[in-house]
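Chemist: Take my numbering: the last position of the sequence shown gets the number 134, and nothing is skipped along the way. From the three backbone atoms N, C-alpha and C, an ideal C-beta is built for every residue, glycine too. Got a structure here, written out as structure tokens. Questions coming.
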Amino acid sequence: MIDFLVRLLINAAALMVSVALVPRIRFDFGDEWWRLLVVAAIFGLINTFIRPIVSLLSLPINLFALGLVGMLVNTAMLLLLAFVSGWLALGFQIAGWPPGQLDVDVVIYAALAALVISLVATALGLVRRLVPGV
Numbered sequence: 001m002i003d004f005l006v007r008l009l010i011n012a013a014a015l016m017v018s019v020a021l022v023p024r025i026r027f028d029f030g031d032e033w034w035r036l037l038v039v040a041a042i043f044g045l046i047n048t049f050i051r052p053i054v055s056l057l058s059l060p061i062n063l064f065a066l067g068l069v070g071m072l073v074n075t076a077m078l079l080l081l082a083f084v085s086g087w088l089a090l091g092f093q094i095a096g097w098p099p100g101q102l103d104v105d106v107v108i109y110a111a112l113a114a115l116v117i118s119l120v121a122t123a124l125g126l127v128r129r130l131v132p133g134v
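Here it is in structure tokens:
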């Protein structure tokens, strides 16, 4: 249970850092801080159940593309998070999407945010390993 809570907090922190650093990534949760935890939990579920399947299916292409497909998979997972968040009215948006059209700007900002989230989550995961008992 502690492991789940720590992962949830790491996801929440990584999402908030991406909101702070990447332009046009918005998360309007207002005074309802629980929305951040719900979005972080959904992000964790997407990364736990959907991402491995997509990564496995894209493995042959990923070998030829020298790992760039992994970045596309991360971007797609973040777009899926934005879609689910929009569907549940949780307030997480990428360049005004959803609603609206999925265009090149949305994908570019999603890719930048996915990169930031990956870096922050990796750094926090390393710190977590260094701290005993967490």
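1) Just grab the DSSP bridge partners of residue 97 for me.
2) Please state if the CB of residue 11 and the CB of residue 49 are separated by a distance shorter than 8 Å.
3) Only counting runs of 3 or more residues, tell me where the beta strand (DSSP E) segments fall wholly within the stretch 64–131, in order along the chain.
4) With a floor of 3 residues, list each beta strand (DSSP E) that falls wholly inside the stretch 2–32, ordered by position along the chain.
5) Can you tell me whether residue 55 is helix, strand or coil according to DSSP?
6) Can the beta-carbon of residue 85 be found closer than 8 Å to that of residue 73?
Modeler: In terms of the structure at hand:
1) Working through the sequence shown from its first residue, we reach residue 97 at position 97. Paired residues: 94.
2) Locating residue 49 in the sequence shown gives position 49, counting from the first residue. Locating residue 11 in the sequence shown gives position 11, counting from the first residue. The answer is no: Cβ separation not under 8 Å.
3) 92–94
4) 25–27
5) Locating residue 55 in the sequence shown gives position 55, where the first residue counts as 1. Reduced to three states, the DSSP call for residue 55 is helix.
6) For the purposes of this step, residue 85 is taken as residue 85 along the sequence shown, with counting starting at 1. For the purposes of this step, residue 73 is taken as residue 73 along the sequence shown, with counting starting at 1. Against a cut-off of 8 Å, the Cβ pair of residue 73 and residue 85 comes out as no contact.
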